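S.K.: Handing you this structure, nothing more for now.
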Amino acid sequence: MGKFKRTSILLGIFLILVSLLPVTGLTKEQPVKITIYNFGQANDRFGRAWELPNKNGAMTQWINKHFGVEISYEYVLDNYKQDQMTLWSASGEYPECFVYITHAAVYNWGRNIKYANLDKYYNDPVNFPRLYEIKQKYERTLKPLIWDGHITGFPIRINYKVGQANPDISYTAGWWIRDDILAALGGKRPTTLDEFTEMLRKIKAGNFKAPNGQPIIPLLLPPADWYSQCIFFQTFGLNWIGMTKDGWYQFWGMTKQGYQAMKYANQLYNEGLIDKEWVTQTEEIYQEKLRNGSAAVIVGWLGYDIIEDIKAAGYNFSYTALPVPKVPGVSRPFPWNVLPGPDSDLVLYVTDKATPEQVEKLARIAEWALSPEGARCLYLGASPDMIELKTSGPYKGTYWFKDEYKELDWYVYGNTGPARIKHGVFPLNGPVSYTREELQVPNILSPADKWAKENFEWISANNNIAYMGDVGPEYIPDEFATANNRIWAVIPPMLHRACVLPPDQFEREYRRAIEEAKRVGFKELCADQWARRKAYIEANGGKEACGIPADYPYAELLDEFK
Numbered sequence: 001m002g003k004f005k006r007t008s009i010l011l012g013i014f015l016i017l018v019s020l021l022p023v024t025g026l027t028k029e030q031p032v033k034i035t036i037y038n039f040g041q042a043n044d045r046f047g048r049a050w051e052l053p054n055k056n057g058a059m060t061q062w063i064n065k066h067f068g069v070e071i072s073y074e075y076v077l078d079n080y081k082q083d084q085m086t087l088w089s090a091s092g093e094y095p096e097c098f099v100y101i102t103h104a105a106v107y108n109w110g111r112n113i114k115y116a117n118l119d120k121y122y123n124d125p126v127n128f129p130r131l132y133e134i135k136q137k138y139e140r141t142l143k144p145l146i147w148d149g150h151i152t153g154f155p156i157r158i159n160y161k162v163g164q165a166n167p168d169i170s171y172t173a174g175w176w177i178r179d180d181i182l183a184a185l186g187g188k189r190p191t192t193l194d195e196f197t198e199m200l201r202k203i204k205a206g207n208f209k210a211p212n213g214q215p216i217i218p219l220l221l222p223p224a225d226w227y228s229q230c231i232f233f234q235t236f237g238l239n240w241i242g243m244t245k246d247g248w249y250q251f252w253g254m255t256k257q258g259y260q261a262m263k264y265a266n267q268l269y270n271e272g273l274i275d276k277e278w279v280t281q282t283e284e285i286y287q288e289k290l291r292n293g294s295a296a297v298i299v300g301w302l303g304y305d306i307i308e309d310i311k312a313a314g315y316n317f318s319y320t321a322l323p324v325p326k327v328p329g330v331s332r333p334f335p336w337n338v339l340p341g342p343d344s345d346l347v348l349y350v351t352d353k354a355t356p357e358q359v360e361k362l363a364r365i366a367e368w369a370l371s372p373e374g375a376r377c378l379y380l381g382a383s384p385d386m387i388e389l390k391t392s393g394p395y396k397g398t399y400w401f402k403d404e405y406k407e408l409d410w411y412v413y414g415n416t417g418p419a420r421i422k423h424g425v426f427p428l429n430g431p432v433s434y435t436r437e438e439l440q441v442p443n444i445l446s447p448a449d450k451w452a453k454e455n456f457e458w459i460s461a462n463n464n465i466a467y468m469g470d471v472g473p474e475y476i477p478d479e480f481a482t483a484n485n486r487i488w489a490v491i492p493p494m495l496h497r498a499c500v501l502p503p504d505q506f507e508r509e510y511r512r513a514i515e516e517a518k519r520v521g522f523k524e525l526c527a528d529q530w531a532r533r534k535a536y537i538e539a540n541g542g543k544e545a546c547g548i549p550a551d552y553p554y555a556e557l558l559d560e561f562k
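UniProt numbering puts the sequence shown at residues 1 to 562.
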């Protein structure tokens with residue numbers, strides 16, 4: 001072969017290879033597009049809102065670049081999560097992933113949603129050591145996330161220290177009262193239900209005014225049915241679901257204590273002690289009343305930022321805590337401030353709509369989120385390049401925001417919600433297993449921390465901070481899914497109606513709710529659930545070994561369901 005011919009052949013091969021390079025070697029990997037749906041997780045534990053982050057913000061952009069993704073966000077209000085999940089299930093059109101708490105209702109509301117099989121990520125100690133560790137050491141945390149025989153989500157905010165208080169947690173949940181009104185009443189806080197009721201009567205009889213000049217509302221409640229009903233149910237010692245003395249209730253309203261709780265709410269409403277617009281007002285009107293001091297007593301688990309809003313408005317009053325009142329025959333309320341259990345506080349659920357590439361990216365994000373660096377970034381609401389180890393000033397020796405992101409400093413600016421949205425703060429919060437010391441972040445008492453410390457005596461009264469034990473993960477088999485969904489969809493509105501009817505009509509409406517529960521199979525559902533929970537408790541050493549308090553349970557099913 002001649003030299004010229006050999007050269008021509010080699011040149012031709014070279015040109016062919018060069019023409020292939022853009023496809024095989026020089027093309028930059030295209031980012032994997034992912035939309036994250038956030039279900040009602042509007043605030044983190046410290047009242048810092050993110051809601052719908054700016055997808056072009058600095059933190060989201062860092063996540064995009066670091067993990068090779070292109071993230072966008074959608075937000076579903078807490079009140080509409082069941083409707084949205086049910087719609088997805090019925091239509092078959094649902095997203096590749098969403099963020100919510102560990103909750104069996106995810107699988108009940110979305111019965112027809114199919115989920116990705118994430119098992120392999122929990123079996124890979126080399127590439128996913130933290131996910132692997134969860135399966136090896138904290139298997140109970142994963143049990144509620146197993147559906148159709150495989151793991152369906154990534155627990156982002158995991159409780160490694162079950163039943164133990166995190167030293168950095170601020171407990172604020174209880175009843176709150178305007179401090180100026182409490183002072184006018186003599187300053188004595190009620191501790192029993194009778195004292196609580198009498199206090200509301202004195203407020204109504206007094207000449208107390210809201211800032212707009214209208215008579216003060218003695219007690220303001222959220223308009224949503226089950227959300228406001230649970231305030232009374234928990235005061236009467238009930239969880240959403242739970243043990244009775246000899247069985248199980250799958251809905252609190254079908255217990256004797258639940259009935260008494262609703263009867264008490266009906267009494268307060270008919271005495272004019274609850275806002276007359278309780279069940280008719282919109283969420284927006286309720287929020288306006290809540291944040292302008294129109295009510296004497298409010299529900300204090302709704303967020304410390306309410307107090308900041310009162311302060312920012314320039315009012316000369318604030319709110320202070322009341323004990324959750326003690327009810328005769330109930331040794332403790334079901335704690336509004338529950339010490340951490342084995343279930344993850346935040347889960348990234350992944351559906352079968354996610355491509356293998358999307359699932360892989362989400363797994364890597366979850367692995368990072370569980371690391372000390374990831375937890376630190378998620379706690380602060382900043383990517384690694386937005387923070388630095390401070391060498392001087394009030395934050396010396398800790399990681400905090402660089403000067404260009406100082407508007408995220410909640411110690412200085414208080415409500416950083418707008419800044420967090422602007423900078424695209426990623427909608428996952430750091431694991432509660434890490435303390436601020438372990439994360440090497442500032443441990444300065446914020447206004448919320450100081451408020452909680454000042455009110456701790458009243459917040460903790462009557463066992464309102466407690467661990468109620470582990471009764472096993474919830475699982476509703478197919479044959480009872482319809483009954484369970486029907487109960488939670490239909491019964492709360494019926495009880496809501498009963499609460500605002502005249503007393504002589506309350507019994508009739510409650511009876512209708514009982515008959516509906518009987519019709520859809522409430523008794524059989526409870527029997528199935530008790531068999532599962534009883535077996536779990538016995539297999540794990542009994543009540544004491546499961547951390548269940550000796551005085552719990554004290555609930556009793558209504559006679560119709562025994």
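A virtual CB, placed ideally from N, CA and C, is assigned to each residue, including glycine. A quick note: this is a predicted structure, and the numbers were derived from the prediction, not measured.
Would you call the region 440 to 458 and the region 299 to 315 touching, i.e. three or more CB-CB distances under 8 angstroms?
M.R.: Yes, since at least three Cβ pairs between the region 440 to 458 and the region 299 to 315 fall closer than 8 angstroms, the two stretches touch.
S.K.: Given 8 angstroms as the limit, is there contact between the region 197 to 204 and the region 332 to 345, that is, 3 or more CB pairs closer than that?
M.R.: Output reads no: the region 332 to 345 does not touch the region 197 to 204.
S.K.: Considering only their Cβ atoms, is the gap separating Ile491 from Ala517 smaller than 8 angstroms?
M.R.: Numbered from 1 along the sequence shown, position 517 holds the residue referred to as residue 517. Numbered from 1 along the sequence shown, position 491 holds the residue referred to as residue 491. Yes. Within cutoff.
S.K.: To which residues does DSSP link Asn337 through a beta bridge?
M.R.: For the purposes of this step, residue 337 is identified with residue 337 of the sequence shown, where counting begins at 1. Asn337 is bridged to Ile465.
S.K.: With DSSP as the reference, identify every bridge partner of Arg178, one or two as the case may be.
M.R.: Mapped onto the sequence shown, residue 178 falls at position 178. Arg178 pairs with Tyr319.
S.K.: Does the region 148 to 166 come into contact with the region 106 to 124, if we say contact requires no fewer than three beta-carbon pairs (one atom in each stretch) closer than 8 angstroms?
M.R.: The region 148 to 166, when compared against the region 106 to 124, does touch it at the 8 angstroms Cβ threshold.
S.K.: When you compare only the Cα positions, how much space is there between Asp179 and Gly414?
M.R.: Counted from its first residue, the sequence shown places residue 179 at position 179. Counted from its first residue, the sequence shown places residue 414 at position 414. Spanning the two alpha carbons is a distance of roughly 21 angstroms.
S.K.: Taking just the CA atoms, how far does Gly417 sit from Val441?
M.R.: In the sequence shown, counting from the first residue as 1, residue 441 sits at position 441. In the sequence shown, counting from the first residue as 1, residue 417 sits at position 417. Between Val441 and Gly417, the C-alpha separation is close to 20 angstroms.
S.K.: Take the Cβ of Val324 as the centre, count every other Cβ of all protein chains shown within 10 Å, and call the residue buried at 16 or more, exposed below.
M.R.: Along the sequence shown, one-based indexing puts residue 324 at 324. Burial call: buried.
S.K.: Just to confirm, is the Cβ distance from Ile231 to Leu220 under 8 angstroms?
M.R.: Sequence index remark: in the sequence shown, residue 231 carries index 231 (1-based). Sequence index remark: in the sequence shown, residue 220 carries index 220 (1-based). No; because the gap between Cβ atoms is not below 8 angstroms, this pair is not in contact.
S.K.: Quick one: any contact between the region 238 to 248 and the region 524 to 544, if contact means 3 or more CB pairs under 8 angstroms?
M.R.: Output reads yes: the region 524 to 544 touches the region 238 to 248.
S.K.: For Phe236 and Gln267, which I take to be in contact (beta-carbon distance under 8 angstroms), what is that distance rounded to the nearest angstrom?
M.R.: As a working mapping, residue 236 is identified with position 236 in the sequence shown. As a working mapping, residue 267 is identified with position 267 in the sequence shown. Phe236 to Gln267, Cβ: 13 angstroms. No contact.
S.K.: For the region 124 to 143 against the region 280 to 291, do three or more pairs of beta-carbon atoms, one drawn from each stretch, fall closer than 8 angstroms, so that the two count as touching?
M.R.: These segments do not touch.
S.K.: Taking the continuous beta strand (DSSP E) assigned at Val441, which residues delimit it?
M.R.: Here the question's residue 441 lines up with position 441 in the sequence shown. Segment: none, Val441 is in no beta strand (DSSP E) and carries neither H nor E.
S.K.: Helix, strand or coil for Asn38? Go by DSSP, reduced to three states.
M.R.: Your numbering for residue 38 matches position 38 in the sequence shown. Residue state, collapsed to three classes: strand.
S.K.: If you check the beta carbons only, do Pro218 and Val330 fall under 8 angstroms apart?
M.R.: Position 218 of the sequence shown, counted from the start, is the residue given in the question as residue 218. Position 330 of the sequence shown, counted from the start, is the residue given in the question as residue 330. No, these two residues do not count as a Cβ contact at 8 angstroms.
S.K.: Less than 8 angstroms between the C-beta atoms of Met468 and Pro335, yes or no?
M.R.: Stepping through the sequence shown from its first residue, residue 468 is reached at position 468. Stepping through the sequence shown from its first residue, residue 335 is reached at position 335. Yes, the Cβ-Cβ distance between Met468 and Pro335 is below 8 angstroms.
S.K.: What residue range is occupied by the uninterrupted beta strand (DSSP E) comprising Phe67?
M.R.: Taking the first residue of the sequence shown as 1, we reach residue 67 at position 67. Here Phe67 belongs to no beta strand (DSSP E); instead the alpha helix (DSSP H) covers Ala58 to Phe67.
S.K.: How close, in whole Å, do the beta carbons of Thr435 and Pro95 come, if the pair is a contact with beta carbons under 8 angstroms?
M.R.: In the sequence shown, the residue the question calls residue 435 occupies position 435. In the sequence shown, the residue the question calls residue 95 occupies position 95. Not confirmed; about 34 angstroms, so no contact.
S.K.: Based on Cα-Cα distance, which residue from Arg512, Asn484 and Tyr132 lies nearest to His496?
M.R.: Mapped onto the sequence shown, residue 496 falls at position 496. Out of Arg512, Asn484 and Tyr132, Arg512 has the C-alpha closest to the C-alpha of His496.
S.K.: Alpha helix (DSSP H) containing Met494: first to last residue?
M.R.: Counting from 1 along the sequence shown, the entry for residue 494 is found at position 494. From DSSP, the alpha helix (DSSP H) with Met494 extends over Asp478 to Cys499.
S.K.: For the beta strand (DSSP E) that contains Tyr264, what are its first and last residues?
M.R.: Along the sequence shown, read from residue 1 onward, the residue named residue 264 stands at position 264. Here Tyr264 belongs to no beta strand (DSSP E); instead the alpha helix (DSSP H) covers Lys256 to Asn270.
S.K.: Do you know how far the Cα of Gly542 is from the Cα of Lys326?
M.R.: For the purposes of this step, residue 326 is identified with residue 326 of the sequence shown, where counting begins at 1. For the purposes of this step, residue 542 is identified with residue 542 of the sequence shown, where counting begins at 1. Using only the alpha carbons, I get a separation of about 28 angstroms.
S.K.: Which partner residues of Met386 appear in the DSSP bridge assignment?
M.R.: Position 386 of the sequence shown holds residue 386. In DSSP, Met386 forms no bridge with anything.
S.K.: Using CA atoms only, rank isn't needed, just tell me which of Glu538, Ile548, Ala539 and Trp530 is closest to Phe561.
M.R.: Residue mapping note: residue 561 aligns to position 561 of the sequence shown, counting from 1. The shortest C-alpha separation from Phe561 is found at Trp530.
S.K.: Between Leu348 and Val76, which are expected to be in contact by the criterion C-beta below 8 angstroms, what is the C-beta distance as a whole number of angstroms?
M.R.: As a first step, residue 348 must be located in the sequence shown, where it is residue number 348. As a first step, residue 76 must be located in the sequence shown, where it is residue number 76. Wrong, their Cβ atoms sit about 15 angstroms apart, outside the cutoff.
S.K.: Between Met85 and the rest of its own chain, which residues show a CB-CB distance below 6 angstroms, the 5 nearest in sequence each way excluded?
M.R.: Position 85 of the sequence shown, counted from the first residue, corresponds to residue 85. These residues qualify, in order along the chain: Trp109 and Gly110.
S.K.: Return helix, strand or coil for Pro503, following the three-state DSSP convention.
M.R.: Start at 1 with the first residue of the sequence shown, and residue 503 comes out as number 503. The answer is helix: DSSP assigns Pro503 an H, G or I state.
S.K.: What does Trp147 pair with, by DSSP beta-bridge criteria?
M.R.: In the sequence shown, the residue the question calls residue 147 occupies position 147. The partner list for Trp147 (beta bridge, DSSP) reads His150.
S.K.: For Ala542, write down the residues that DSSP places opposite it in a beta bridge.
M.R.: Taking the sequence shown and counting its residues from 1, the one referred to as residue 542 is at position 542. Just to set this straight, residue 542 is Gly in the shown sequence, not Ala. Per DSSP, none; premise fails for Gly542.
S.K.: Can you name the start and end residues of the alpha helix (DSSP H) that Thr244 belongs to?
M.R.: For this step, residue 244 is matched to residue 244 along the sequence shown. Counting along the chain, Thr244 falls outside any alpha helix (DSSP H), though it belongs to the beta strand (DSSP E) covering Gly242 to Thr244.
S.K.: Mind reading off the beta-carbon distance from Arg376 to Tyr399? Whole number of angstroms is fine, and I expect it under 8 angstroms.
M.R.: Position 376 of the sequence shown, counted from the first residue, corresponds to residue 376. Position 399 of the sequence shown, counted from the first residue, corresponds to residue 399. With a Cβ gap of about 6 angstroms, Arg376 and Tyr399 count as contacting.
S.K.: Could you tell me how far apart the beta carbons of Val350 and Cys97 are, in whole angstroms, since I believe they sit closer than 8 angstroms?
M.R.: Counting from one through the sequence shown, the residue named residue 350 turns up at place 350. Counting from one through the sequence shown, the residue named residue 97 turns up at place 97. Contact flag correct, Cβ pair sits at about 5 angstroms.
S.K.: Near Gly393, which residues of its chain fall below 8 angstroms by C-beta distance, leaving aside the five closest residues on each side in sequence?
M.R.: By 1-based counting over the sequence shown, the position of residue 393 is 393. Closer than 8 angstroms at the Cβ level, and outside the excluded window around Gly393, lies no residue.
S.K.: What does a CB cutoff of less than 8 angstroms around Ser371 pick up in its chain, not counting 5 residues either side in sequence?
M.R.: Your numbering for residue 371 matches position 371 in the sequence shown. Closer than 8 angstroms at Cβ, skipping near neighbours: Arg130.
S.K.: Just to confirm before moving on: does the CB-CB distance between Pro190 and Met199 stay below 8 angstroms?
M.R.: Walking along the sequence shown from the start, residue 190 turns up at place 190. Walking along the sequence shown from the start, residue 199 turns up at place 199. For Pro190 and Met199, yes; Cβs fall inside 8 angstroms.
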